[in-house]
Amino acid sequence: MELNREHFRAIIFHNFRRGLSRQECFDELNSLYSDKAPSYSTVKNWYNEFNRGRCSIQDESRAGRPKSVVVPEKINAVRELIKQDRHVTYREIEASLDISMTSINKILHEHLSVKKICSRWIPHNLTNAQKKARVDWCKELLEKYIQGTSKAVYNIYTGDESWIYAYEPETKQQSTVWVFQDEAKPTKVVRGRSTSKQMIACFFGINGHVATVALEQRRTVNSEWYTTICLPEVIGEIRKKQKNRRIILHHDNASSHTSTQTKAFLTERKIELMGHPPVASRNRLYSQRSSSGNLAGQAQLSPDMEMTTVKPQAKYGICGVLTDK
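Next up, the structure:
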């Protein structure tokens with residue numbers, strides 16, 4: 003007959019009741035059953051159990067492996083929470099459903115296949131009518147200027163106003179540096195834009211930069227400034243090269259651009275105005291992006307220094323108008 007664990011436990015209990023010590027019990031079992039006898043630590047543990055008053059030699063019932071909460075009911079509950087609140091957090095789900103972070107993570111990624119992302123920024127939330135107006139405007143221009151092959155495109159000039167800050171923080175790309183494996187990762191103090199800034203209006207044609215006009219300090223962009231200072235300087239620069247050249251002006255729907263005074267000025271100077279669809283994104287001229295790169299990380303001590311930074315450069319000759327998508 004082969005003895006099992008409960009048989010040996012019965013013998014240990016019998017020796018315990020006989021008054022044998024742990025070592026005496028172990029020696030007796032070892033002499034009778036040799037390598038099949040339980041170890042000394044087993045004998046010791048059972049003596050401790052019997053000393054605490056235990057009389058049973060059978061294994062006690064255990065709770066066993068906890069039941070998984072990743073069940074269809076919990077999965078559907080998490081799905082409903084997400085549908086009700088797209089910003090719901092792990093801790094809110096945990097508090098609502100009383101399930102662990104690990105289970106929540108498993109449900110979200112393995113069963114629901116969801117991920118939390120940031121919303122994509124867009125300039126405007128256009129209606130269908132506004133979208134159609136923009137498409138129609140683009141089609142009209144393509145037809146009018148023969149898919150851009152018409153010579154009239156050389157007469158189109160576009161411009162917009164933009165703030166140039168006295169200090170522009172370095173971009174993430176500009177602050178990148180090479181480091182070796184044994185070097186610590188560099189750190190950088192976060193700095194914001196300066197409060198000192200200069201408003202400029204920048205104009206381009208198909209051949210590049212035409213003019214950059216600075217707004218005087220403590221003045222605002224209005225029809226008076228636009229028609230008496232800004233546009234005359236721009237037109238003057240164009241006329242320097244070709245005195246009688248046809249001019250087609252494109253600008254956005256800002257109040258200073260659409261006022262009666264501005265329209266009268268353009269009519270008097272025989273300047274054609276290209277339309278601009280409603281709620282369309284403003285022109286982002288290459289100079290704005292280029293100048294931001296030139297100013298980043300540098301302190302411009304005066305408006306004159308700021309203007310020097312955004313004056314025409316060689317690369318302006320190959321740039322065009324970039325529009326927010």
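Per this note's numbering, residue 3 is the first one in the sequence shown, and the count goes up by one each step.
Cβ atoms here follow ideal geometry from the backbone N, Cα and C, with glycine treated the same way.
Extent of the continuous alpha helix (DSSP H) run through residue i
i, result
"L233", "L233 to K243"
"T269", "T262 to E270"
Residue nearest to residue i in terms of C-alpha spacing, selected from the options
i, options, result
"V215", "E235, F206, H252 and I166", "E235"
"N255", "H16, E75, I231 and M276", "M276"
"C232", "N107, I208 and F267", "F267"
"T44", "I124, G55, V72 and F28", "F28"
"I328", "E51, C57 and I240", "Outside the displayed range of the chain (3 to 327) lies residue 328, so it cannot be described from this structure."
"G98", "H113, R81 and K199", "The residue asked about is misnamed: residue 98 is Ser in this sequence, not Gly. Measuring from the Cα of S98, the nearest candidate turns out to be R81."
"K108", "G55, V72 and Q149", "V72"
"H16", "C57, W123 and D100", "C57"
"H211", "V223, Y156 and S70", "Y156"
"Q200", "F206, A213 and L217", "L217"
"S164", "C204, A135 and E142", "C204"
"H9", "L143, I59 and Q25", "I59"
"I273", "T160, I101, E75 and W48", "T160"
"H278", "W123, K141, A12 and S70", "K141"
"F18", "K38, E51 and A168", "E51"
"N6", "L22, R20, K38 and E26", "K38"
"A213", "K242, I77 and R24", "K242"
"D61", "H253, A12 and R88", "A12"
Length of the line joining the Cα atoms of residue i and residue j
i, j, result
"P40", "S33", "12 Å"
"Q183", "Q175", "20 Å"
"R93", "K133", "40 Å"
"I249", "T264", "15 Å"
"Q290", "A131", "Because the pLDDT of Q290 is 45, which lies under 50, any placement of that residue in the model is unreliable, and the question is left without a value."
"S36", "E30", "10 Å"
"V179", "K190", "12 Å"
"R271", "T262", "14 Å"
"I148", "D138", "15 Å"
"S121", "T230", "43 Å"
"H259", "M103", "56 Å"
"L144", "G150", "6 Å"
"S292", "G238", "Because the pLDDT of S292 is 44, which lies under 50, any placement of that residue in the model is unreliable, and the question is left without a value."
"Y288", "S152", "Since pLDDT at Y288 reaches only 43, below the 50 mark, its modelled position is unreliable, and no value is offered."
"V181", "P188", "8 Å"
"R136", "R88", "32 Å"
First and last residue of the uninterrupted beta strand (DSSP E) at residue i
i, result
"Q200", "K199 to G207"
"D162", "I158 to Y167"
"T214", "G210 to A216"
"E94", "Where E94 is concerned, there is no enclosing beta strand (DSSP E), although the alpha helix (DSSP H) it sits in stretches over Y92 to L99."
What residue ranges within the stretch 104–130 form continuous beta strand (DSSP E) runs of no fewer than 3 residues, ordered along the chain? Here no run is fully enclosed.
Which runs of the beta strand (DSSP E) spanning at least 3 residues fall entirely within the stretch 38–82, listed in chain order? Runs of the beta strand (DSSP E) lying entirely within the stretch 38–82 and spanning at least 3 residues: none are present.
Three or more C-beta pairs below 8 Å linking the stretch 100–117 and the stretch 76–91: yes
Uninterrupted beta strand (DSSP E) stretches inside the stretch 14–39 (no shorter than 3 residues): none
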